[in-house]
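Undergrad:
In the numbering used here, the protein residues as written are 1334 to 1782.
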């Protein structure tokens, strides 16, 4: 039985048959990267789905090509085998338009050896007239074929009913999705900074595909891991290159991967910005950190590959990174080595600290007593002949911590004073690693009479 509640179903098939589109359709959200170039999905992708009052877990996999000996294709095959080991049932996806191939026959023979329930989804059957092509899949020797159109949703209900009938029903209905009650941590950074190696260290297994060539990870990869008795969802992401390099390279898939990385940051609570200590701080590291701050996520800087540097060189690398990221001096920095497993305890401690700050709330009374002292020491400066006054402050929300300051002149609060207020809030209440938002709002006038 798969972790995370309910049975686990692996979605498997040759490259470019529509596995990720089917995965997205079943999950009900655009999570997996979809593109018409073969080999886009390389790692395992996990998602939670619900049908007929039951919850089940899906694993999207890379294109299975057992004949190709390219190291990347061999790595994908090993990821597929890992997904099959986790699964209670298998949905084998074929392209009903392209027809049966020798690769399909080889894959089915491989899947049968697992001894697990095997359903064949003949994809791209967009209308009833296409079903005859889909039924050609019976030549593979499978017991049932389900014509579906992952793109348009045709036949999905019949497929879901069949796969749920093929697996045990031991889980409670409508289980909560993985990560709904645990911190979600996105690993982001430049290509080849060691994000996937860190994920594998966390997970204790080869969850993400690691290769010495930059850009190996394209789809975000989620892993549920445990450290010191606490659970986390760790999200590995594609390396974020400079915009000019992505655009000039003409790599549409990489552009989509970068977009996927940004979306992963948006669904995370904490972003660990992984930097390569050996290569040194780059402008792109600062831009990635700025991207995370703009999206209001808690942050940790992980200076990785520290095993490659002497103590003096490491100190210089740390200072160089701080110099590049002066706008986010409140973000904690941790030295790590994914290769040797160094600094992982410190990294989890930092994640816990910034996650707590991300959800921290300050009482209104305490907040206003603090602001009274601030205004006595340094009231808002006069701007354009107007003297702004702050009447009271309240915390409107968390994640990120957001405050509302009620004033007579919201447009006259100078940027430097806004920054001063945020700095004083951070000094007084902490908010380590969490961006702070302060919204200045005009006081509503009471109606006359």
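Cβ atoms here follow ideal geometry from the backbone N, Cα and C, with glycine treated the same way.
Keep in mind it's a predicted model, so treat the numbers as computed, not measured.
Tell me, which residues are paired with residue 1739 by DSSP?
TA: As a working mapping, residue 1739 is identified with position 406 in the chain shown. The partner list for residue 1739 (beta bridge, DSSP) reads 1725, 1774.
Undergrad: Alpha carbon to alpha carbon, what distance is there between residue 1762 and residue 1695?
TA: Locating residue 1695 in the chain shown gives position 362, where the first residue counts as 1. Locating residue 1762 in the chain shown gives position 429, where the first residue counts as 1. Taking the straight line joining both Cα atoms gives about 8 Å.
Undergrad: So what does DSSP say about residue 1516, is it helix, strand or coil?
TA: On the chain shown, position 183 is the one that residue 1516 refers to. Reduced to three states, the DSSP call for residue 1516 is coil.
Undergrad: Which same chain residues, not among the five before or five after residue 1417, have their C-beta less than 8 Å away from its C-beta?
TA: Counted from its first residue, the chain shown places residue 1417 at position 84. Only 1343, 1345, 1423, 1444, 1447, 1449 meet the Cβ criterion.
Undergrad: Using the DSSP secondary-structure output, state which residues sit across from residue 1639 in a beta bridge.
TA: Counting from 1 along the chain shown, the entry for residue 1639 is found at position 306. DSSP, once it has assigned bridges, lists no residue as partnering residue 1639.
Undergrad: Using the beta-carbon count (16 or more within 10 Å), is residue 1756 buried or exposed?
TA: As a position in the chain shown, residue 1756 is number 423, starting the count at 1. Residue 1756 should be labelled exposed.
Undergrad: Can you give the Cα-Cα distance for residue 1749 and residue 1682, rounded to whole angstroms?
TA: Numbered from 1 along the chain shown, position 416 holds the residue referred to as residue 1749. Numbered from 1 along the chain shown, position 349 holds the residue referred to as residue 1682. Their Cα atoms are separated by approximately 33 Å.
Undergrad: For residue 1618, which three-state DSSP category applies?
TA: In the chain shown, the residue the question calls residue 1618 occupies position 285. Here residue 1618 sits in helix by DSSP.
Undergrad: If you check the beta carbons only, do residue 1630 and residue 1604 fall under 8 Å apart?
TA: Walking along the chain shown from the start, residue 1630 turns up at place 297. Walking along the chain shown from the start, residue 1604 turns up at place 271. Yes, the Cβ-Cβ distance between residue 1630 and residue 1604 is below 8 Å.
Undergrad: Along the chain, where does the beta strand (DSSP E) containing residue 1456 start, and where does it finish?
TA: One-based indexing of the chain shown puts residue 1456 at position 123. 1451–1456 is the extent of the beta strand (DSSP E) around residue 1456.
Undergrad: Check for me: the alpha helix (DSSP H) holding residue 1677 runs from which residue to which?
TA: Position 344 of the chain shown, counted from the start, is the residue given in the question as residue 1677. Start and end: 1677–1691.
Undergrad: Rounded to whole angstroms, what is the Cα-Cα separation between residue 1498 and residue 1676?
TA: Counting from one through the chain shown, the residue named residue 1498 turns up at place 165. Counting from one through the chain shown, the residue named residue 1676 turns up at place 343. Taking the straight line joining both Cα atoms gives about 46 Å.
Undergrad: Inspect the beta-carbon positions of residue 1440 and residue 1492 and report whether they are closer than 8 Å.
TA: If you number the chain shown from 1, residue 1440 lands on position 107. If you number the chain shown from 1, residue 1492 lands on position 159. Their beta carbons are not under 8 Å apart, which means residue 1440 does not touch residue 1492 by this criterion.
Undergrad: Do residue 1475 and residue 1467 have their C-beta atoms within less than 8 Å of each other?
TA: As a first step, residue 1475 is located in the chain shown; it is residue number 142 there, counting from the start. As a first step, residue 1467 is located in the chain shown; it is residue number 134 there, counting from the start. For residue 1475 and residue 1467, no; Cβs fall outside 8 Å.
Undergrad: Which of helix, strand or coil does DSSP assign to residue 1400?
TA: If you number the chain shown from 1, residue 1400 lands on position 67. Residue 1400: coil per DSSP, three-state reduction.
Undergrad: Mind checking which residues open and close the beta strand (DSSP E) that includes residue 1564?
TA: By 1-based counting over the chain shown, the position of residue 1564 is 231. Where residue 1564 is concerned, the enclosing beta strand (DSSP E) stretches over 1563–1569.
Undergrad: With DSSP run on the structure shown, which of helix, strand or coil describes residue 1428?
TA: As a working note, residue 1428 is residue 95 in the chain shown. Strand.
Undergrad: Can you tell me which of 1776, 1765, 1633, 1685 puts its alpha carbon nearest to the alpha carbon of residue 1725?
TA: Along the chain shown, one-based indexing puts residue 1725 at 392. Residue 1776 is the option with its Cα nearest to residue 1725.
Undergrad: Is the beta carbon of residue 1558 closer than 8 Å to that of residue 1567?
TA: Along the chain shown, read from residue 1 onward, the residue named residue 1567 stands at position 234. Along the chain shown, read from residue 1 onward, the residue named residue 1558 stands at position 225. Yes.
Undergrad: Helix or strand or just coil, what does DSSP make of residue 1392?
TA: Within the chain shown, numbered from 1, the residue matching residue 1392 stands at position 59. In the structure shown, residue 1392 sits in a strand (DSSP, three-state: E or B).
Undergrad: Within 10 angstroms of its Cβ, does residue 1594 collect 16 or more other Cβ (buried), or is it exposed?
TA: On the chain shown, position 261 is the one that residue 1594 refers to. It counts as buried.
Undergrad: Please report the straight-line C-alpha distance between residue 1789 and residue 1758, rounded to a whole angstrom.
TA: Beyond the ends of the chain as shown, which are 1334 and 1782, falls residue 1789; an answer cannot be given.
Undergrad: I'd like to confirm the pairing. Which residues does DSSP put opposite residue 1604 in its beta bridges?
TA: Along the chain shown, one-based indexing puts residue 1604 at 271. Bridge partners of residue 1604: 1519, 1632.
Undergrad: Any idea what DSSP makes of residue 1609, helix, strand or coil?
TA: Residue 1609 sits at position 276 when you count from the first residue of the chain shown. Note: residue 1609 maps to strand in three-state DSSP.
Undergrad: Smallest Cα separation from residue 1457: which of 1442, 1471, 1480?
TA: Within the chain shown, numbered from 1, the residue matching residue 1457 stands at position 124. Selected option, being the one with the closest Cα: 1480.
Undergrad: Let me know if residue 1412 comes out buried or exposed under the rule of 16 or more other beta-carbons within 10 Å of its beta-carbon.
TA: The residue labelled residue 1412 in the question sits at position 79 within the chain shown. Buried, since its Cβ has 16 or more Cβ neighbours within 10 Å.
Undergrad: Could you check which residue in 1495, 1515, 1765, 1571 has the C-alpha nearest to that of residue 1387?
TA: In the chain shown, the residue the question calls residue 1387 occupies position 54. Residue 1387 has its Cα closest to that of 1495, out of 1495, 1515, 1765, 1571.
Undergrad: What does the alpha-carbon distance come out to for the pair residue 1745 and residue 1715?
TA: Along the chain shown, one-based indexing puts residue 1745 at 412. Along the chain shown, one-based indexing puts residue 1715 at 382. So the alpha carbons of these two residues sit roughly 8 Å apart.
Undergrad: If you follow the beta strand (DSSP E) that residue 1383 is in, where does it begin and where does it stop?
TA: Reading the chain shown from its first residue, position 50 is the one you call residue 1383. Element bounds for residue 1383: 1378–1384.
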